[in-house]
Amino acid sequence: MGGYDIAIFKINNTKGELTKVEFDTDKYYNADGKLLTAIGWGNTKKLPKTTILQEVKVPVYNLEKCQKNYQEVKYTVENWDTQFCAGYPEGQSDACQGDSGGPLFFMKNGAQVLVGLTSHGKGCALPNKPGVYTRIAPLIDWIKGNM
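Positions 1 to 147 (UniProt numbering) are the ones given, in order, by the sequence shown.
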């Protein structure tokens, strides 16, 4: 979909327990400090690659501050209207290379509320360089129309 960093696929046969997923309707992508969970098989400090699904909790990062921090190091984010940031100012934890496309969510009443998708960032877990995530709310109709 133009201007967004997203792809979808449908799995016909599933095994195991399924968790209900709800879509954020733009209530949480700009809720500074809201703790969200990213999962993926990307790089970690200790391991360059893993076969074990990893998770990290990161807070929503103030968007204006994130934009300023990235402008200062001349790191280009193509479309701030479709993306937001999550991470710690001190850079202690982050999603990393290999996590792209994975969900960024929180649990609410037994359901995962999908807020965003891991997209990119400047390095991993660097101070003042939080991860950049694709917002899910503007894509809800497109996702439902293609499933």
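Even for Gly, the Cβ is constructed at its ideal location relative to N, Cα and C.
- Between the alpha carbons of E55 and L104 lies a distance of about 10 angstroms.
- With three or more CB-CB distances shorter than 8 angstroms, the region 85 to 97 counts as touching the region 119 to 131.
- Secondary structure within the UniProt domain "Peptidase S1" (1 to 147): the beta strand (DSSP E) runs of 3 or more consecutive residues, fully enclosed, are 21 to 23, 35 to 40, 54 to 61, 83 to 86, 103 to 108, 111 to 120, 131 to 135 (chain order).
- Between I136 and F23, the gap from beta carbon to beta carbon is short of 8 angstroms.
- If you draw a straight line from the Cα of N69 to the Cα of K34, it comes to about 20 angstroms.
- Rounded to whole angstroms, the Cβ separation of Y75 and K122 is 5 angstroms, and the two are in contact under 8 angstroms.
- Here A38 really is in contact with G102; their C-beta atoms are around 6 angstroms apart, less than 8 angstroms.
- Selection L126, K65, T25, C96 evaluated against G116 yields T25 as nearest (Cα-Cα).
- With 16 or more other Cβ atoms inside 10 Å of its own Cβ, G42 counts as buried.
- Listed in chain order, the non-local C-beta contacts of P138 below 7 angstroms within the same chain comprise T82, local neighbours out to five positions each way being set aside.
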